[in-house]
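A.B. asks: Below you'll find the structure I mean.
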Amino acid sequence: MSLPAASKRRSIRWLPNEAIEPTSTLVLTSRNQHFVDLRIFKPLVPGEPDLPNEGGPLRRLDWAFSGIATVTEDRPGCLHSEWSHEVDSRSDNPDKDEGDLIPQRDGSILEIGRMVNPSTGEMTDYEEVWEDLEVEVTGGDTHRICIVVGTVDDVRGIRGKIVRVGQWCQGILKVGAVTSVERWHWAPRSSDTSTASKGEQSNGSGGDWERVVKTGGAYIPCSLTFMSGTHLNGVPATEENDELKAGDTTWKVVEKYVW
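For the sequence shown, our numbering begins at 71 and goes up steadily by one.
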C-alpha cells in the first residue's frame with residue numbers, strides 16, 4: 071500500500087503529435103487507491119477566468135471521473151495500473167482505462183497507454199507526464215490527513231465521491247446524466263484571500279479552505295472532509311463508517327488515514 075498522493079499532469083501527447091497541456095488536471099488518490107480525477111480546460115475564450123468557479127460554463131469541464139485504482143508490477147521499473155470508473159462525466163459505460171507507469175529521472179511519471187482521443191473519436195496511443203505534489207499539514211492539525219466519502223443512491227440515480235489529501239480536496243457528483251465537480255485548496259491565512267469564493271470554509275486554525283473550481287449546479291459537501299484529526303469546535307472529527315447527511319443525501323466515510 072502506498073501513501074495518499076496528489077498528482078498534477080504536466081502534459082498529454084496523442085501520438086504522433088507533440089505534447090500539450092490544455093487543462094488543469096489534478097488526481098487525488100487515497101492509501102486504499104480511491105481517487106478523484108478532475109480535468110478542467112484552461113480558458114477557451116478571452117476574458118474567461120483561469121478556472122471556472124461559479125458552476126460554469128460547463129464546456130470548461132474536459133473530463134471528471136472517480137473510482138478505485140489497481141496497481142501491479144508489470145516488469146522491473148514499470149507498474150501497470152487500471153482505473154475503475156464508478157462515476158464518469160463522459161459515459162455511464164466507460165471504456166477500460168489502463169496504462170503503464172514508468173518513473174523518470176526527474177522524479178516525474180510517464181504514463182503510456184491507448185484510449186479514445188475525444189478530438190478524433192479513434193483509439194490512439196498516448197503519453198501523459200505526471201508529477202507528485204508535496205502533501206502538507208493544514209491548519210491546526212499535527213499530521214497530514216486523507217479522507218474519502220462517497221454516496222450511492224441507485225433509486226435516484228445519484229453517485230458521488232470526495233477525496234481529500236492534505237491541502238487538496240476534490241469532489242464529483244453525478245445525478246442522472248448531469249455531472250458537477252468541485253476542487254478546494256487550503257490557503258494559509260497570511261495569503262491574499264480577497265478572491266475566495268462565497269463557499270469559503272474556515273476552521274479557525276490559521277487559514278481557510280477555498281473553492282478554486284466548480285462546474286455544475288449540484289451541492290458537493292467537500293466540507294465534510296475538512297474536520298481535523300481531533301475535535302473541532304466541540305464537534306467530533308469524521309471517522310470511518312460514519313454516515314453524514316448533506317441535504318437529503320447520505321454520504322459515508324469509506325476511508326480515513328492520518329500520517
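A virtual CB, placed ideally from N, CA and C, is assigned to each residue, including glycine.
(1) Three-state secondary structure (DSSP) at T208?
(2) Compute the Euclidean distance between the alpha carbons of E192 and G137, then round it to the nearest angstrom.
(3) Have a look at V157 and G117 and give me their C-alpha separation to the nearest angstrom.
(4) So I232 and V219 are in contact, right, with Cβ under 8 Å, and what is the actual spacing, rounded?
(5) Going by DSSP, which residues form a beta bridge with F296?
(6) Alpha carbon to alpha carbon, how far is R79 from I217? Give it in angstroms, no decimals.
(7) So K244 is in the beta strand (DSSP E); what residue range does that whole segment cover?
(8) Contact between the stretch 280 to 292 and the stretch 121 to 137: three or more CB pairs below 8 Å?
(9) Kindly indicate which three-state DSSP category R130 falls into: helix, strand or coil?
(10) Helix, strand or coil: how does DSSP classify H150 here?
(11) Kindly give me the distance between the Cβ atoms of R109 and T93, rounded to whole angstroms, as I take these residues to be in contact under 8 Å.
(12) Quick check: what's the CA-CA separation for A75 versus C148?
(13) Taking only the alpha-carbon atoms, compute the straight-line gap between P291 and G210 and give it to the nearest angstrom.
(14) Is it buried or exposed, H213, if we count other Cβ atoms within 10 angstroms and call 16 or more buried?
(15) Relative to the C-alpha of R234, which candidate in E252, E313 and L171 has its C-alpha closest?
(16) Can you tell me whether DSSP reads D162 as helix, strand or coil?
(17) I'd like to know whether the C-beta atoms of T221 and T319 end up nearer to each other than 8 Å.
(18) CA-CA distance, I182 and E88?
(19) For S81, I'd like the list of residues in its chain whose CB is within less than 6 Å of its CB, leaving aside the five on either flank, ordered along the chain.
(20) Just to check my reading of the structure: V313 and K322 have Cβ atoms closer than 8 Å, yes? What is that Cβ distance to the nearest angstrom?
(21) For the beta strand (DSSP E) containing D278, name the first residue and the last one.
(22) Mapping the DSSP letters down to three states, classify F111 as helix, strand or coil.
C.D. replies: On the basis of the data shown:
(1) In the sequence shown, the residue the question calls residue 208 occupies position 138. Correct three-state label for T208: coil.
(2) Indexing the sequence shown from 1 puts residue 192 at position 122. Indexing the sequence shown from 1 puts residue 137 at position 67. Going by C-alpha positions, E192 is about 24 Å away from G137.
(3) In the sequence shown, the residue the question calls residue 157 occupies position 87. In the sequence shown, the residue the question calls residue 117 occupies position 47. Rounded to the nearest whole angstrom, the CA to CA distance from V157 to G117 is 31 Å.
(4) For the purposes of this step, residue 232 is taken as the residue at position 162 of the sequence shown. For the purposes of this step, residue 219 is taken as the residue at position 149 of the sequence shown. Sure, about 5 Å apart at Cβ, within 8 Å.
(5) Counted from its first residue, the sequence shown places residue 296 at position 226. Bridge partners of F296: none, in fact.
(6) Within the sequence shown, the letter at position 147 stands for residue 217. Within the sequence shown, the letter at position 9 stands for residue 79. R79 has its alpha-carbon roughly 22 Å from the corresponding atom of I217.
(7) The sequence position of residue 244 within the sequence shown is 174, counting from 1. Taken as a continuous stretch (DSSP letters only), the beta strand (DSSP E) holding K244 covers W238 to V245.
(8) Yes, the stretch 280 to 292 touches the stretch 121 to 137.
(9) The residue you call residue 130 lines up with position 60 of the sequence shown. Per DSSP, reduced to three states, the secondary structure at R130 is helical.
(10) The residue you call residue 150 lines up with position 80 of the sequence shown. The answer is strand: DSSP assigns H150 an E or B state.
(11) To locate residue 109, count along the sequence shown from 1; it is residue 39. To locate residue 93, count along the sequence shown from 1; it is residue 23. Yes, R109 and T93 are in contact; Cβ-Cβ is about 5 Å, under 8 Å.
(12) Along the sequence shown, read from residue 1 onward, the residue named residue 75 stands at position 5. Along the sequence shown, read from residue 1 onward, the residue named residue 148 stands at position 78. Rounded to the nearest angstrom, the gap between the Cα atoms of A75 and C148 is 18 Å.
(13) As a working note, residue 291 is residue 221 in the sequence shown. As a working note, residue 210 is residue 140 in the sequence shown. Whole-angstrom Cα-Cα distance: 21 Å.
(14) For the purposes of this step, residue 213 is taken as the residue at position 143 of the sequence shown. Answer is exposed; the Cβ neighbour count stays below 16.
(15) By 1-based counting over the sequence shown, the position of residue 234 is 164. Of the listed residues, the one whose Cα sits closest to R234 is E252.
(16) What you label residue 162 is simply residue 92 of the sequence shown in a count that begins at 1. Here D162 carries a coil assignment [DSSP, helix/strand/coil].
(17) For this step, residue 221 is matched to residue 151 along the sequence shown. For this step, residue 319 is matched to residue 249 along the sequence shown. Taking 8 Å as the Cβ cut-off, T221 and T319 qualify as a contacting pair.
(18) For this step, residue 182 is matched to residue 112 along the sequence shown. For this step, residue 88 is matched to residue 18 along the sequence shown. For I182 and E88, the gap between their C-alpha atoms comes out near 14 Å.
(19) Reading the sequence shown from its first residue, position 11 is the one you call residue 81. Same-chain partners within the cutoff: A89, E91 and V199.
(20) Position 243 of the sequence shown, counted from the first residue, corresponds to residue 313. Position 252 of the sequence shown, counted from the first residue, corresponds to residue 322. One point to set straight first is that residue 313 is Glu, not Val, in the sequence displayed. Rounded, the Cβ-Cβ distance is 5 Å, consistent with contact.
(21) Numbered from 1 along the sequence shown, position 208 holds the residue referred to as residue 278. Unbroken beta strand (DSSP E) run through D278: G277 to T285.
(22) Residue 111 sits at position 41 when you count from the first residue of the sequence shown. Note: F111 maps to strand in three-state DSSP.
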